[in-house]
Amino acid sequence: MPDRPPIDLRSDTVTKPTPDMRRAMANAEVGDDVFGDDPTVNRLQERVAELLGKESAIFVPSGSMANQASIRSQTHHGDEIICHQDSHIYHYEAGGPASLSGCSLRLLTGERGLFEADQVRAAIRPPDSHFPQTRLVVVENTHNRGGGSIWPVEQVRDVHAVAREHGLSMHLDGARLMNACVATGRRPTDYTRYFDSVSTCFSKGLGAPVGSAVAGSKELIRRVHRFRKMFGGAMRQAGIIAAGALYALEHHIDRLADDHANARRLASAIADMPGLSIDPASVETNILYFDVDESVGTAKALCDRLRADGVWVLPVAPQRIRAVTHLDVSASDIDRAISILSSMMKSTLATA
Ligand SMILES: *Cc1c(COP(=O)(O)O)cnc(C)c1O
Numbered sequence: 001m002p003d004r005p006p007i008d009l010r011s012d013t014v015t016k017p018t019p020d021m022r023r024a025m026a027n028a029e030v031g032d033d034v035f036g037d038d039p040t041v042n043r044l045q046e047r048v049a050e051l052l053g054k055e056s057a058i059f060v061p062s063g064s065m066a067n068q069a070s071i072r073s074q075t076h077h078g079d080e081i082i083c084h085q086d087s088h089i090y091h092y093e094a095g096g097p098a099s100l101s102g103c104s105l106r107l108l109t110g111e112r113g114l115f116e117a118d119q120v121r122a123a124i125r126p127p128d129s130h131f132p133q134t135r136l137v138v139v140e141n142t143h144n145r146g147g148g149s150i151w152p153v154e155q156v157r158d159v160h161a162v163a164r165e166h167g168l169s170m171h172l173d174g175a176r177l178m179n180a181c182v183a184t185g186r187r188p189t190d191y192t193r194y195f196d197s198v199s200t201c202f203s204k205g206l207g208a209p210v211g212s213a214v215a216g217s218k219e220l221i222r223r224v225h226r227f228r229k230m231f232g233g234a235m236r237q238a239g240i241i242a243a244g245a246l247y248a249l250e251h252h253i254d255r256l257a258d259d260h261a262n263a264r265r266l267a268s269a270i271a272d273m274p275g276l277s278i279d280p281a282s283v284e285t286n287i288l289y290f291d292v293d294e295s296v297g298t299a300k301a302l303c304d305r306l307r308a309d310g311v312w313v314l315p316v317a318p319q320r321i322r323a324v325t326h327l328d329v330s331a332s333d334i335d336r337a338i339s340i341l342s343s344m345m346k347s348t349l350a351t352a
């Protein structure tokens, strides 16, 4: 069957640059960005600062570096960072906060990657020499392990009020901030005004091949610039990849609505399949998690069989699968994925 290209729903990082994006990249004006000479990188940084409503922005190779350089720029060794227990900085950045910044993490619970201002207040350490000093609060929006969940602006505002009251800085892991904005109709600045530093990613839903950025005050970005160099992320003729990011900002933001519609359609089809379960209302953006009944077998086994039929999804727990929609998955790909999954479930349960 897989004479057609696979439908790759493992992540929105798998997108490949479109022909027009490749043309923009090939034609990009470049210079040595370590000397500040790359006009395309400079243009991207100005555009991102404007989009996110900050004085300044800096282009970095990855979302992890964006987060880690932001953390390093706003903490001292021995400090503590408050974040959700499902956050990307905790699970998926190789222990960066401990290794690169010497910080411990104070993990908060909460549905779908969100937490409340009162939880932050209760987690802040008193100014006593026994304790690490709480320095930074990190919010992730949309929340990856939370299922692409969106923070209500009011909840961010309340967390910010507590942070300010206690002199804490705020960092937004906005790898998928634009998904939150397109889904809610909010402007990026409705969120970013509550944060000292904001990271955002061009190589997720926006479909660029490489790159992320950090935005903040001029003073903060000067610090991030130094740590980007220290962490090995200062690049030379980076305009080639910055051009892909600029193209993505110009052409690929509004279309995120298509990814969200595709995710909702896939979720409502899965909700009707025996042996699988999902609450379609939990799908707010482009990420969906669904559960596999034990009578069907493990998530891993189901993923292997789906892969053989041309649908690629990720097992994330013994009975749980993640699927992510993106630029390289069309509405008709979703129809095909639904029909492959549905016939697989029918045949599985018929022989069970
Ligand atoms: C993908 C992602 C990042 C960055 O990951 P990289 O692979 O380093 O680009 C950061 N935060 C969240 C929430 C993400 O999903």
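Quick note: the sequence shown, position 82, residue 82 per the numbering used here, numbers continuous. Virtual Cβ for every residue (Gly too), placed ideally from N, Cα, C.
In summary, Ser-169 is buried, with 16 or more beta-carbon neighbours lying within 10 Å of its beta-carbon over all protein chains present. Residue environment analysis places Pro-97 among the buried positions, since at least 16 neighbouring C-beta atoms fall within 10 angstroms of its C-beta. Taken through DSSP and simplified to helix, strand or coil, Gln-74 comes out as coil. Judged by beta-carbon spacing, Thr-325 lies within the 8 Å limit of Ala-263, meaning their Cβ atoms are closer than that value. DSSP places Phe-35 in the helix class (H, G or I) of the three-state scheme. With a threshold of 7 Å, the Cβ atom of Asn-179 does not count as near ligand 1, since no heavy atom of the ligand is closer than that.
Leaving aside the five residues that flank Ile-58 on each side, the residues in its chain whose CB is nearer than 7 Å to its CB run, in chain order, Gln-45, Ala-213, Val-214, Ile-221, Val-224, His-225 and Arg-228. Between ligand 1 and Ser-64, a heavy atom-to-CB distance of less than 7 Å is present. Under the three-state reduction of DSSP output, Ser-87 falls in the coil class, being neither helix nor strand. His-225 is not bridged by DSSP to any residue. If you compare the alpha carbons of Ser-343, Ala-281, Leu-266 and Gly-207 with that of Asp-254, the shortest gap goes to Gly-207. Restricting attention to Leu-100, Asp-158 and Gln-74, the CA atom closest to the CA of Arg-135 is found in Gln-74. For His-84, the shortest C-beta to heavy atom distance toward ligand 1 is 7 Å or greater. The residues Val-313 and Pro-315, in chain order, have a CB closer than 6 Å to that of Cys-303 in the same chain once the five nearest residues on each side in sequence are set aside. As summarised for the segment 163–192, the continuous beta strand (DSSP E) elements at least 3 residues long and confined to that stretch are 169–174, given in chain order. By the beta-carbon neighbour count (other beta carbons within 10 angstroms, threshold 16), Lys-54 is buried. Cβ neighbours of Leu-246 within its own chain (closer than 6 Å, five residues either side excluded): Leu-44. Cβ neighbours of Leu-266 within its own chain (closer than 6 Å, five residues either side excluded): Ile-334. The Cβ neighbour count for Asp-3, taken over all protein chains shown within 10 Å, is under 16; the residue is labelled exposed. CA-CA distance, Leu-327 to Gly-205, rounds to 7 Å. The count of Cβ pairs closer than 8 Å, one atom from the segment 149–163 and one from the segment 27–47, stays below three, leaving the stretches out of contact.
Following the DSSP letters along the chain, one finds Gly-239 inside the alpha helix (DSSP H) bounded by residues 239–251.
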